[in-house]
Amino acid sequence: MRYCRVVGPVWASVKHPAYNGRTLFIVQPVDERGADTGSTFVAMDHAQAGPGDKVIVLTEGNGVRQILKQGDIVPIRSIIVGIVDHVEPA
Numbered sequence: 054m055r056y057c058r059v060v061g062p063v064w065a066s067v068k069h070p071a072y073n074g075r076t077l078f079i080v081q082p083v084d085e086r087g088a089d090t091g092s093t094f095v096a097m098d099h100a101q102a103g104p105g106d107k108v109i110v111l112t113e114g115n116g117v118r119q120i121l122k123q124g125d126i127v128p129i130r131s132i133i134v135g136i137v138d139h140v141e142p143a
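In terms of the numbering used here, the sequence shown opens at residue 54 and continues consecutively.
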């Protein structure tokens, strides 16, 4: 799992049927203080997130398949599973 910030939506005129009716976002990995820590990537929303939200993104394929319950041939690698209200740095 990764801690990220939602940058904005992804729009596509043609996409795999597994993405129908689902929102895709560009997310930026961040550290506990909110500083960027890596490259952006695409994640499917499963938590009703929006641009600017801090989120938890599951980036493990088997877990994504279990959450979506669509079988073994789901072309989705990253899914937003939670919205973070507050982070208290250690």
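The beta-carbon is built from N, C-alpha and C at its ideal position, and this holds for glycine as well.
Contact belief for residue i with residue j at Cβ below 8 Å, rounded distance in angstroms
i: I136; j: V108; result: 6 Å
i: V127; j: M54; result: The Cβ separation is near 18 Å, so there is no contact.
i: T93; j: V63; result: Actually they are not in contact, since the Cβ atoms of T93 and V63 sit about 11 Å apart, beyond 8 Å.
Inter-residue Cα distance where the pair is residue i and residue j
i: S66; j: R86; result: 36 Å
i: I120; j: D89; result: 27 Å
i: P70; j: A102; result: 21 Å
i: T76; j: P142; result: 30 Å
i: Q81; j: V117; result: 19 Å
i: Y72; j: Y56; result: 23 Å
i: G105; j: G91; result: 17 Å
i: Q123; j: D138; result: 29 Å
6 Å Cβ shell around residue i - same chain, five flanking residues per side excluded
i: V140; result: E85
Close-in-space but distant-in-sequence residues of the same chain around residue i (CB under 7 Å, 5 per side omitted)
i: G114; result: R130
i: H99; result: I120, I132, I133 and V134
_What ranges does the beta strand (DSSP E) occupy inside the segment 99-127, keeping only unbroken runs of at least 3 residues that lie completely in it?_
107-111
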